[in-house]
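Participant: Counting with my numbering, you get residues 437 to 1201 for the letters of the sequence shown.
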Amino acid sequence: MRVPCFLALALIIMPVSNIFGQYRENNLPLVPRPRALKLLTGTFTISPVTQLVVNTDVAASDAGYFSEYLKKHYGLALSITRSKHPKKNAVNVFTSEDKKYRGKDAYSLSVENDKVILEGNVNGGTFSGLQTLVQLLPPARLNALNIPCLFISDSARFSWRGMHLDVSRHFFNKEEIKKYLDDMALFKYNTFHWHLTDDQGWRIEIKKYPLLTQTGAWRNGTLIGHYSEANELYDTIRYGGFYTRDDVREIVSYAAKRHITIVPEIEMPGHALAALAAYPWLACSGDSFQVARSWGVFKDVFCPSERTFGFIDDVLKEVSEMFPGQYIHIGGDECPKDRWKSSPLCREIMATNHLKNEEELQGYFTERVEKILHKYGKRLIGWDEILEGGLSPDATVMSWRGNVGGMAAARLGHDVVMTPTNFCYFDYYQSNDENEPLAIGGYLPLEKVYQFDPVPVELNESESKHILGGQANIWTEYIPDFRQVEYMAFPRMCALSEVLWSDPSGKDYDAFITRLTGQMKWFDFLGINYSKALYDIQSFSYPGDRNEGLSVELSTTCPGATVHYTLDGSDPVFNSPVYSSRINFTQSTGITAEVVTGSKPSGRIFKKLFRINNATGREVTLAHPPNEEYCRGGGFSLVNGVTGSLPWKGSEWLGFLKDDLDITIDLGAERPFTKIGVDALKDESNRIYFPVGIMVYTSPDGKNFSEISELDSSSVQKFDRLITVPVGNQRSRWVRIVAKNRGICKNENGQEDPVWLFVDEVSVE
Ligand code: ACM
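Quick look at the structure:
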C-alpha cells in the first residue's frame, strides 16, 4: 500500500502550472547545460496549427526530424514550409552562415509568445537547437505543448562527443541501434563508435568474405556468470547475428539525419577469433578456430602476412564504401604476441623490415593498415596501444588506459579522443548496491563521470588542441539486452554529455542533478530504461551515545531529497519518520530507507543490517595502514556494524597488500567473550586471498598482550567468508587480532607478486 499513499499526497500538493513545476532558469531540465540562457515571461504553444518554417535543405532535414519526433511522441503532424523570413505561429528553423554561429554546433534559440526562431550552423547547429527545444516540451502526451519564452545562445566545447557500443559480445538489432542513436541525439552526441568485430562475433556483412558472417557471426554458447568465477559454465545456445550491407546503409543514413557520424571498428590484429574461425589462414598457425564463447584476451590473432593484408584491404575497401565518415577504427588493443613470437614468418618479416621486437611488428602492421585506409580516403584511429610501435602523425589515438597514452599522443602531435576507463567505462558498476545486475567490475558512479575533464591539466595550450573530445564505452560481456544497455548508459550519459558540450567553468553537480531530475520524466516518457542509483542512500556509522552501540547517519547525493525510514524491516511509507539526525541504537538493527523527491518515492530502497557486538563502535588501532587504494572508512570501518558488500570495488573493504591485518580494539571496559570473527574476502582471480592464520591476544593494560588462541591456515581455509575463532571464556578490555596475509604468490606470468588480504568487520562476542 506504499505507493498509493504517496500518490494521494502528490495530488494535493503538486503545483499545476506546468509539468516541471514553476519554470525557473535553474530548473529547466536542459542537459547538457547551454552556454547562455535567459528565461523570459510567457509561453509559446505548439498545436496542430503550428507550422515548421525552413530556409535550406539542411534546415528542412533537421525540421523533418523534429516533425517526426512530434508525430511519434505527441501524435502531432505539422506541415513544413519554405521561407527566407520567420513566420508567426511557427517554429522557424533557419541555418545561417553568420559568423556568430562559427562555434561547434552553434545555435541560438528564441522562444517568443507568437513564434520560435532557431538559427544555427549547418554542421549540427540547428539540429542541436532542436534537441534543446525537444527538452523544453512537456514529457506527457498533451494536445497543446507549452514552451517557456526564453533566449538561448549555445555551442559545444568539443567536436568529438562519442558513445561506443560493443555489438560483438552481445548483438543488438537494427531497431535497437536506431534507439541508441535517438538516445545519443537527445543529449547532443555526434559520434557513434560501433564496435563491429571481436573474438565473440563478426557482425558486418562483407561481400567478398561471406564466411565472416556465415561462420564468424555465430558462437556455440556463452559463458554463464562472471569470467572470474572458478568454474566456467556455458549455455549451449547458438548465439549471434549480423548487419547486412543494407542494414548498415540504413543505420548510417538514420545517424546522418541526426548529425551523428559512425566510426566503425574492425578490430585487428588482436580480438580476431571470429575472423579466424571463418578463415583460419588469417592466423600464423593453427588449422581451425572457434568463435569465442567466453570473455578476455585470446592468443590467436591475425598474422601480419601478405595474404592477411590482402584480406584487410578487401574488408576495409567495403567498409569504407559503407561508411561516409573520415575515420575507421582498427582496434589495436590487447594483442598478445605469443603466436608472432613462435612464427618463422614473423621473424622473417621482422628481419626484412629491421624491426627490433614484436611491438615494432605491431607498429609495422598498423602502418600497413593505415596506408590501405589512406588509399580509400579514410583516416586511422585506434586504441592507445597503437602508439607503442611507432605511428604516423595522421593517426588518431583513443586513450583508454587512463589518460597517459592520450597525453603522450597529444605531445607527439596526434589527435586524441579521451576515454579513460576510470571515467568513461559505462560497463562498470554505477552503484554499490548488492542487487545491482552483474557487471564486469569497477565502480563508476554518476558524480565521477561528471568530474571528468578530457583535457589533462598537464597539457599546454597547443597540446590541448589535439584533444578532440571524449567518449564513453559500453562493452557488453555482461549486457545481454538493449534494456540493460540503456540502464548502464543512463543517466551517466547525461553527465558525460555535459562534460563534452558545456563550458567547464559553470560545472555544478547539484545544479546538474536538479536538471537531471527533470530529465528523468523524459526517460519515463520516452521509455528509456535508466538506473536510479542517484537515489541510493549511504550510511555512515559513528560510536553510539555514551560510547554504546552505534549512531548512524544517512545521506544521499540527491539535492532536495527527503529520506523516510523504518527500523522494523518494512518499506517506508509517507508517514514513516523523516530522517533528520543520526539514528542511535545498542542492539543489532536493520534500517530501511527511501528517498522522496518532491512527493515522489524513488523506488530505490536502502536496506542494511547493523550488527552490534562487543567490538562495534569501539576505538581501534591498526599496526599497518591499509593500502591507500582500499582504505575507505579507515580502521573504524572494521567495527562499524556493517560487513563488506559485493561487488567489492568501491565498497568499504580494507585492502592490505602483502601486509597483515593487525588490529587492537579497546572495548571500553573489561567484557566477557567466547569467540572472535574476521570477515575476509576470497577472490583469487583478483589476487585477493584468505588469511593463512589468525592469532588472538588479550591484554590487561593495552600494552602487554598474550596470545589466547590461534587458527592455522588449513582451519582458516575451511571457511568461505566469515572466519570464526573460538577462544573459550575470556574477559578483557583490549583484544588484538592478527590475520596473516599470504604475502606473495605467482602471478599469471609465473612471477612472485604480493597478494591482497581484504577484510571488512571484525567481531568480539
Ligand atoms: C579496451 O577496453 N580494451 C579498449
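C-beta: ideal position from N, C-alpha, C; glycine also.
Roughly how many angstroms lie between the CA atoms of Gly1080 and Asp851, to the nearest whole one?
Facilitator: So the alpha carbons of these two residues sit roughly 43 Å apart.
Participant: What beta strand (DSSP E) runs, 3 residues minimum, are completely inside the region 682–735?
Facilitator: You should have 697–704.
Participant: Which residues neighbour the ligand ACM when neighbourhood means a C-beta less than 6 Å away from any of its non-hydrogen atoms? List them by chain order.
Facilitator: This selection yields Asp769, Glu770, Trp819, Trp836.
Participant: In chain order, what residues of the same chain have a beta carbon less than 6 Å from the beta carbon of Ile1124, not counting five sequence neighbours either side?
Facilitator: Within the same chain, Ile1124 has close Cβ partners Leu1117, Trp1192, Phe1194.
Participant: Look at the alpha carbon of Leu1219 and the alpha carbon of Leu718, and state the distance between them as a whole number of angstroms.
Facilitator: Only positions 437 to 1201 of the chain appear in this structure, which leaves residue 1219 out of reach.
Participant: Give every residue of the same chain whose Cβ lies closer than 6 Å to the Cβ of Gly1129, excluding the five residues on either side of it in the sequence, and list them in chain order.
Facilitator: Excluding positions up to five away in sequence, the list reads Asp1148, Ser1149, Lys1176.
Participant: Starting from Met1131, follow its DSSP beta bridges and name the residues at the other end.
Facilitator: Answer is Glu1146, Val1174.
Participant: Starting from Gln974, follow the beta strand (DSSP E) in both directions and report where the run begins and ends.
Facilitator: Its beta strand (DSSP E) spans residues 974–979.
Participant: What would DSSP say about Tyr510, mapped onto helix, strand or coil?
Facilitator: The answer is helix: DSSP assigns Tyr510 an H, G or I state.
Participant: According to DSSP, is His600 helix, strand or coil?
Facilitator: Strand.
Participant: Can you find at least 3 beta carbon pairs, one from the region 478–490 and one from the region 520–529, that sit closer than 8 Å?
Facilitator: Because the criterion of three Cβ pairs below 8 Å is met, the region 478–490 and the region 520–529 touch.
Participant: Could you spell out where the beta strand (DSSP E) holding Cys1181 opens and where it closes?
Facilitator: Residues 1180–1182.
Participant: Could you check which residue in Ser898, Arg1047, Asp590, Cys585 has the C-alpha nearest to that of Thr477?
Facilitator: Minimum Cα distance to Thr477 is reached at Cys585.
Participant: Identify every residue that forms a DSSP beta bridge with Ile660.
Facilitator: Leu669.
Participant: Thinking C-beta only, is Gly905 closer than 8 Å to Trp596?
Facilitator: The answer is yes: Cβ separation under 8 Å.
Participant: Can you name the start and end residues of the alpha helix (DSSP H) that Glu612 belongs to?
Facilitator: From DSSP, the alpha helix (DSSP H) with Glu612 extends over 610–622.
Participant: Residues in its own chain within less than 6 Å of Leu572 by CB, not counting five upstream and five downstream?
Facilitator: So the qualifying residues of the chain are Ile583.
Participant: Which same chain residues end up closer than 8 Å to Asp889 when comparing Cβ atoms and leaving out the 5 residues on each side of it in sequence?
Facilitator: So the list reads Val935, Pro940, once near-sequence residues are dropped.
Participant: State yes or no: is the C-beta of Arg1054 within less than 8 Å of the C-beta of Asp1102?
Facilitator: Their beta carbons are under 8 Å apart, which means Arg1054 touches Asp1102 by this criterion.
Participant: When DSSP builds the beta bridges, which residues end up paired with Ser419?
Facilitator: Residue 419 is absent from the structure shown; the chain starts at 437 and stops at 1201.
Participant: Following the continuous beta strand (DSSP E) through Ile964, name the residue where it begins and the one where it ends.
Facilitator: Taken as a continuous stretch (DSSP letters only), Ile964 belongs to no beta strand (DSSP E), as it is neither H nor E.
Participant: When DSSP builds the beta bridges, which residues end up paired with Ile822?
Facilitator: Its beta-bridge partners do not exist; DSSP assigns none.
Participant: Which residue or residues does DSSP assign as beta-bridge partners of Arg538?
Facilitator: In DSSP, Arg538 forms no bridge with anything.
Participant: In the DSSP assignment, find the unbroken beta strand (DSSP E) run with Lys1036 in it and report its ends.
Facilitator: Looking at the DSSP string, the run of the beta strand (DSSP E) that includes Lys1036 is 1036–1046.
Participant: So, Val558 versus Val467, is the Cβ gap smaller than 8 Å?
Facilitator: No, they are not a contact pair.
Participant: Under the assumption that Phe1113 contacts Ser1199 (Cβ atoms under 8 Å), give the Cβ distance between them as a whole number of angstroms.
Facilitator: Sequence inspection shows Gly at residue 1113; the Phe mentioned does not correspond to that position. Right, the Cβ-Cβ distance comes to about 4 Å (below 8 Å), so this counts as a contact.
Participant: Using the beta-carbon count (16 or more within 10 Å), is Ile673 buried or exposed?
Facilitator: By the 10 Å Cβ count, Ile673 comes out exposed.
Participant: Using a 10 Å radius around the Cβ and a threshold of 16 neighbouring Cβ atoms, would you call Ser1168 buried or exposed?
Facilitator: Classification of Ser1168: buried, given that the 10 Å Cβ count is 16 or more.
Participant: Whose C-alpha, out of Ile588, Pro892, Gly652, is nearest the C-alpha of Ala708?
Facilitator: Out of Ile588, Pro892, Gly652, Gly652 has the C-alpha closest to the C-alpha of Ala708.
Participant: Can you find the residues in the same chain that come closer than 6 Å, C-beta to C-beta, to Phe608, ignoring five residues on each side of it along the sequence?
Facilitator: Phe918, listed in sequence order.
Participant: List the whole-angstrom C-beta distance separating Leu675 from Ser730, where the pair is believed to meet the contact cut-off of C-beta under 8 Å.
Facilitator: Note on identity: in this sequence residue 675 is Tyr, with Leu being the wrong assignment. Actually they do not touch by this definition, with Cβ atoms about 12 Å apart.
Participant: Looking at the secondary structure, which residues open and close the beta strand (DSSP E) in which Gly1091 lies?
Facilitator: Looking at the DSSP string, the run of the beta strand (DSSP E) that includes Gly1091 is 1090–1093.
Participant: Rounding to the nearest angstrom, what Cα-Cα distance links Ile1173 and Val1161 in this structure?
Facilitator: Cα to Cα, the separation comes out at about 10 Å.
Participant: Between Pro451 and Ser589, what straight-line distance do the alpha-carbon atoms span, to the nearest angstrom?
Facilitator: With a pLDDT of 30 at Pro451, under the threshold of 50, the modelled position of this residue cannot be trusted, and the question is left open.
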